[in-house]
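Participant:
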Amino acid sequence: MHTAMHTARRRGPAPARATASLVALGALLTASVTALSAAPATAAETLLSQGRPATASSAEGTAFAASAAVDGNLTGTRWASQWSDNQWLQVDLGRTTAISRTVLTWEAAYAKAYDIQLSDNGSDWRTVKSVTAGDGGTDDITVSGTGRYVRLQGITRATGYGYSLWEFQVYGGDAAQPGPGGAVRVTGSQGNWQLTVGGRPYTVKGVTWGPAIADAARYMPDVKSLGVNTIRTWGTDGGTKPLLDAAAAHGIRVVNGFWLQPGGGPGSGGCVNYVTDTAYKTNMLDEFAQWVETYKSHPATLMWNVGNESVLGLQNCYSGAELEAQRNAYTSFVNDVAKKIHTIDPDHPVTSTDAWTGAWPYYQRNAPDLDLYSMNSYGDICGVRQDWEEGGYTKPYIITETGPAGEWEVPDDANGVPDEPTDVQKAEGYTRAWNCVTAHQGVALGATVFHYGVEHDFGGVWLNLVPDGLKRLSYYALKKAYTGSTAGDNTPPVISDMTVTPSGAAPAGGEFTVRADVRDPDGDPVTTKIYLSGNYASGDKRLVEASYRSLGNGAFAVTAPEKLGVWKVYVQAEDGRGNAGIETESVKVVAPPVTGTNLALNRTTTASSFQSSYGDCPCPPANATDGNAGTRWASDWSDPQWIRVDLGSARSFTRLQLVWDPAYARAYEVQVSDDGTTWRTVRTVTDGNGDVDTLDVAATARHVRLHLTARGTGWGYSLHEFGVYG
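Okay, structure coming up:
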């Protein structure tokens, strides 16, 4: 999970689903959000009807009593009425309360027309919702009103049978999710679990935490406004308390994480040997116990999470039988930690996160003391339920990271780099993820989605809800999922039809054109900026504002970087209300064209030295004059060095183009010779900075040499292309 996006869905070592995440909180992704479908639950909702007294106008038999519709069993028990219209089912909530939603899960015998009614006394009813075109399946209905009794009043059957409901669920707005305080339990039985806090049902509606802990008090009110009741961390230590304090002050709970190698993605953070390294395990066990003792009574603590993606990550440390032994040893150690935590803190559950459902059999076999499982899953989130059902697991789970498809899950674009989803697609991804979680009722107990982060960089734009504090469409999609509404919110500009021209051949240092259609749903004036990221060209994940000029009508002329390779181009539209739309496409920066004929192409080339076996080598001097920007010459790691080309006869030329690898020359001389023995210098460079050097050099000679006197790096000299044009 934290600093780089990694791991794909793997079907490698075990037949199970792999998912992934951004890795390391500080290191290391014409529609508007109102068009996105809402997920069922709201921030202040609680399921009020389950287990409450229920009555009905009739029942088809004793096996189909009214109580079967409020027992929490969505597929095994049901209420069924007699075979006539005007039947009803009602539930007594025990007290008058605000009602915000009803969910009716129909059996095949459903109602085509019905009313939802409320009553304070069970006698006088008022209709709060009428349905006239029911089509069966699941009806998730938003209602508004108060009452002690809630009734389904059937009007017209859709079949020749009666009315039949697997489940009649009523949610209330004032029976809020419990605030801090009270023991946390995983209760229920197989397929019908729930999390409770202080004896009251609790659905995890969360985000993973990204800002500095010192800024927790600053950001927590906004987190609360999203409908969030839970945040997740990856590490817990002496610096965690301010975060817990800020969370508790806003009625938010925390999943306190403990980091274990190789956590946060394959091989990240080192490769410990869980079979033999007893010192590491003892140290971790003692350290975790210390912080459990410290924070077990903190009102923000929800549960403990031991390790992150390590079962998957061990494949980058070991293979074969040793990998199997390590995975068994790791999950056995997780169980040791869980047992230790339970002895210190019996009032908070213990879980463990991975990014591969193939980890679950190891937990099932070796970690029976875990109270529940946890999974990081993005584009393949709906498949987690399938794997859980097929695996026959006996514990519920929470999703500890999810969101839209990540870098590791999408196809490559025309430039060979991952094709990042649009802002609209990302927002839809969060909505879909939450719907997949809530659909696995009684097993998936909620989620902490990735990522309430503020980094405005490559990974931050991909998956952060608030990069640089700016709210995205994804932010509002999540708010709608958690609270049921974004009514009254000012939402971000929406960018569509972004293009980059030419996308596959932008000349280094020259200009390319970016076009995008930017529309603000609220009619706010929009400021547009252009950023570049060299993540794929140089590994630099920062976003740097480009040099650009407006061409009008949503078009911009952007100056290409000097560094060759594939760059990401970002159009960022800000509305001045704290919102931003951000879209991105790639551009391939190539050496600028040079007029004339390359006289050095495929001519005899020699050098003072070359690397024969380092990295991608052999790298002979002929690679610098083969016309292929994918090959290179590389010298020994010392000064001075030289490379020269024989043009075959005395030729006149006016320009040289040198395409450097990262190992470039800071100082060098361009020399020419008629006989290959006596040389004269025609150009001296003392401030070379790599990338591409296009030099005006007018001369006539048979031989052209670069005399390289000062390296720009600790390596040698390396040229992709050495062109001589005449």
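Residue numbers (the working numbering): -4 to 721. Just so you know, even glycine gets a beta-carbon here, dropped at the ideal spot from N, CA and C. The structure displayed is predicted, hence computed values, not measured ones.
1. Using the rule of at least 16 other Cβ atoms within 10 Å of the residue's Cβ for burial, across every protein chain shown, is residue 366 buried or exposed?
2. Enumerate in chain order the residues of its own chain whose CB-to-CB distance from residue 315 is below 8 angstroms, with the five nearest sequence positions on each side excluded.
3. If we count Cβ pairs, one from each stretch, closer than 8 angstroms, do we get three or more for the stretch 63 to 78 versus the stretch 121 to 128?
4. Report back the beta-carbon spacing between residue 208 and residue 224 to the nearest angstrom; my notes put them in contact at under 8 angstroms.
5. If you follow the alpha helix (DSSP H) that residue 531 is in, where does it begin and where does it stop?
6. Under three-state DSSP, which class holds residue 412?
7. Just reading off the beta strand (DSSP E) that residue 552 is part of, what are its end residues?
8. Tell me whether residue 690 is buried or exposed, calling it buried when 16 or more other Cβ atoms sit within 10 Å of its Cβ.
9. What do you get for residue 714, buried or exposed, if any count of 16 or more other CB atoms within 10 angstroms of its CB means buried?
10. Please report the residue range of the beta strand (DSSP E) in which residue 558 lies.
11. Under the three-state reduction of DSSP, which class applies to residue 390: helix, strand or coil?
12. With burial defined as no fewer than 16 other Cβ atoms inside 10 Å of the residue's Cβ, what is the status of residue 539: buried or exposed?
13. I need the straight-line Cα distance from residue 719 to residue 579, nearest angstrom please.
14. For residue 120 and residue 88, I'd like the C-alpha separation in whole angstroms.
15. Taking buried to mean at least 16 other C-beta atoms within 10 Å of its own C-beta, is residue 609 buried or exposed?
16. Classify residue 487: buried if its beta carbon has 16 or more other beta carbons within 10 angstroms, exposed otherwise.
17. Tell me which same chain residues have a C-beta within less than 7 angstroms of the C-beta of residue 214, skipping the five on either side of it?
18. Using only the alpha-carbon positions, how far apart do residue 509 and residue 543 sit?
19. Within its chain, find whatever has a CB closer than 7 angstroms to the CB of residue 413; leave out the 5 residues flanking it on each side and keep chain order.
20. Distance check for residue 455 and residue 461, CA to CA, integer angstroms please.
21. Where does residue 109 fall in DSSP's three states?
22. Taking 9 angstroms as the cut-off, decide whether the C-beta atoms of residue 642 and residue 688 are in contact.
23. Between residue 448 and residue 393, which are expected to be in contact by the criterion C-beta below 8 angstroms, what is the C-beta distance as a whole number of angstroms?
24. Where does residue 703 sit, in a helix, a strand or coil, going by DSSP?
25. Might you give, ordered along the chain, the residues of its own chain that have their beta carbon closer than 8 angstroms to the beta carbon of residue 187, omitting 5 neighbours on each side?
26. Below 9 angstroms between beta carbons: does that hold for residue 804 and residue 142?
27. Where does residue 185 land, buried or exposed, given buried means 16+ other C-beta within 10 angstroms?
28. Taking the straight line between their C-alpha atoms, what separation do you get for residue 706 and residue 493?
29. With DSSP as the reference, please indicate the residues paired to residue 59 in a beta bridge.
30. How many Å lie between residue 218 and residue 615 at the Cα?
31. Which residue's Cα is closest to the Cα of residue 673: 605, 598, 198 and 700?
32. Please go through the same chain and pick out, in chain order, the residues whose beta-carbon is closer than 8 angstroms to the beta-carbon of residue 464, but skip the five residues on each side of it.
33. Anyone know if the C-beta pair for residue 373 and residue 396 falls short of 9 angstroms?
34. Between residue 358 and residue 390, what straight-line distance do the alpha-carbon atoms span, to the nearest angstrom?
35. Closer than 8 angstroms: is that where the CB of residue 318 sits relative to any heavy atom of the ligand ZN?
36. Which whole-angstrom value is the C-beta distance of residue 327 and residue 361, which I expect to be below 8 angstroms?
Facilitator: The short version:
1. In the sequence shown, the residue the question calls residue 366 occupies position 371. Per the 10 Å Cβ criterion, buried.
2. Position 320 of the sequence shown, counted from the first residue, corresponds to residue 315. Result list for residue 315: empty, nothing under 8 angstroms.
3. With the cut-off at 8 angstroms, the stretch 63 to 78 and the stretch 121 to 128 do not touch.
4. Here the question's residue 208 lines up with position 213 in the sequence shown. Here the question's residue 224 lines up with position 229 in the sequence shown. At roughly 19 angstroms, the Cβ-Cβ gap does not stay under 8 angstroms, so residue 208 and residue 224 are not in contact.
5. Position 536 of the sequence shown, counted from the start, is the residue given in the question as residue 531. Taken as a continuous stretch (DSSP letters only), the alpha helix (DSSP H) holding residue 531 covers 530 to 533.
6. Residue 412 sits at position 417 when you count from the first residue of the sequence shown. Shown here, residue 412 sits in coil according to DSSP, grouped into three states, outside any helix or strand.
7. Indexing the sequence shown from 1 puts residue 552 at position 557. Counted as a single uninterrupted DSSP element, the beta strand (DSSP E) harbouring residue 552 occupies residues 550 to 554.
8. Within the sequence shown, numbered from 1, the residue matching residue 690 stands at position 695. With a threshold of 16 other beta carbon atoms within 10 Å, residue 690 falls short and is exposed.
9. For the purposes of this step, residue 714 is taken as residue 719 along the sequence shown, with counting starting at 1. Looking at its Cβ environment, which holds 16 or more other Cβ atoms inside 10 Å, residue 714 is buried.
10. If you number the sequence shown from 1, residue 558 lands on position 563. No beta strand (DSSP E) holds residue 558; DSSP gives it neither H nor E.
11. In the sequence shown, residue 390 corresponds to position 395, counting from 1. Three-state result, residue 390: coil.
12. Taking the first residue of the sequence shown as position 1, residue 539 is located at position 544. Residue 539 comes out exposed.
13. Within the sequence shown, the letter at position 724 stands for residue 719. Within the sequence shown, the letter at position 584 stands for residue 579. Rounded to the nearest angstrom, the two C-alpha atoms are 36 angstroms apart.
14. On the sequence shown, residue 120 is found 125 positions in, with the first residue counted as 1. On the sequence shown, residue 88 is found 93 positions in, with the first residue counted as 1. The alpha-carbon atoms of residue 120 and residue 88 are separated by roughly 15 angstroms.
15. Against the sequence shown, residue 609 aligns to sequence position 614. Result: exposed.
16. As a position in the sequence shown, residue 487 is number 492, starting the count at 1. Residue 487 comes out buried.
17. Residue mapping note: residue 214 aligns to position 219 of the sequence shown, counting from 1. Same-chain partners within the cutoff: 206.
18. Here residue 509 corresponds to residue number 514 of the sequence shown, with the count starting at 1. Here residue 543 corresponds to residue number 548 of the sequence shown, with the count starting at 1. In this structure, the straight-line span from the alpha carbon of residue 509 to that of residue 543 is close to 10 angstroms.
19. Here residue 413 refers to the residue found at position 418 of the sequence shown. Within the same chain, and ignoring the five residues on either side of residue 413 in sequence, the residues whose Cβ sits closer than 7 angstroms to its Cβ are 402, 405 and 407.
20. Walking along the sequence shown from the start, residue 461 turns up at place 466. Walking along the sequence shown from the start, residue 455 turns up at place 460. If you draw a straight line from the Cα of residue 461 to the Cα of residue 455, it is about 8 angstroms long.
21. Here residue 109 refers to the residue found at position 114 when the sequence shown is read from its first residue. Three-state result, residue 109: strand.
22. Along the sequence shown, read from residue 1 onward, the residue named residue 642 stands at position 647. Along the sequence shown, read from residue 1 onward, the residue named residue 688 stands at position 693. Note that the C-beta distance between residue 642 and residue 688 is not below 9 angstroms.
23. The residue you call residue 448 lines up with position 453 of the sequence shown. The residue you call residue 393 lines up with position 398 of the sequence shown. Residue 448 to residue 393, Cβ: 20 angstroms. No contact.
24. The sequence position of residue 703 within the sequence shown is 708, counting from 1. Three-state DSSP puts residue 703 in a strand.
25. Here residue 187 is taken as the residue at index 192 of the sequence shown, counted from 1. Hits under 8 angstroms: 67, 68 and 437.
26. In the structure as shown, the chain starts at -4 and stops at 721, and residue 804 therefore has no counterpart that could be examined.
27. What you label residue 185 is simply residue 190 of the sequence shown in a count that begins at 1. Answer is exposed; the Cβ neighbour count stays below 16.
28. The sequence position of residue 706 within the sequence shown is 711, counting from 1. The sequence position of residue 493 within the sequence shown is 498, counting from 1. Residue 706 and residue 493 have their C-alpha atoms some 41 angstroms from each other.
29. What you label residue 59 is simply residue 64 of the sequence shown in a count that begins at 1. None, per the DSSP bridge assignment.
30. Walking along the sequence shown from the start, residue 218 turns up at place 223. Walking along the sequence shown from the start, residue 615 turns up at place 620. If I take the Cα positions, the gap works out to 57 angstroms.
31. The residue labelled residue 673 in the question sits at position 678 within the sequence shown. For residue 673, the nearest C-alpha among the options comes from 700.
32. Sequence index remark: in the sequence shown, residue 464 carries index 469 (1-based). Around residue 464, the same chain offers 449 and 573 as residues with beta carbons nearer than 8 angstroms, after the five sequence neighbours per side are excluded.
33. As a position in the sequence shown, residue 373 is number 378, starting the count at 1. As a position in the sequence shown, residue 396 is number 401, starting the count at 1. Yes, the pair counts as a contact, with Cβ atoms nearer than the cut-off.
34. Position 363 of the sequence shown, counted from the first residue, corresponds to residue 358. Position 395 of the sequence shown, counted from the first residue, corresponds to residue 390. Going from the Cα of residue 358 to the Cα of residue 390 covers about 10 angstroms.
35. Among the components of this structure there are no ligands whatsoever, and the ligand ZN is therefore not found.
36. For this step, residue 327 is matched to residue 332 along the sequence shown. For this step, residue 361 is matched to residue 366 along the sequence shown. Contact between residue 327 and residue 361 is confirmed by a C-beta separation of about 5 angstroms, below the 8 angstroms threshold.
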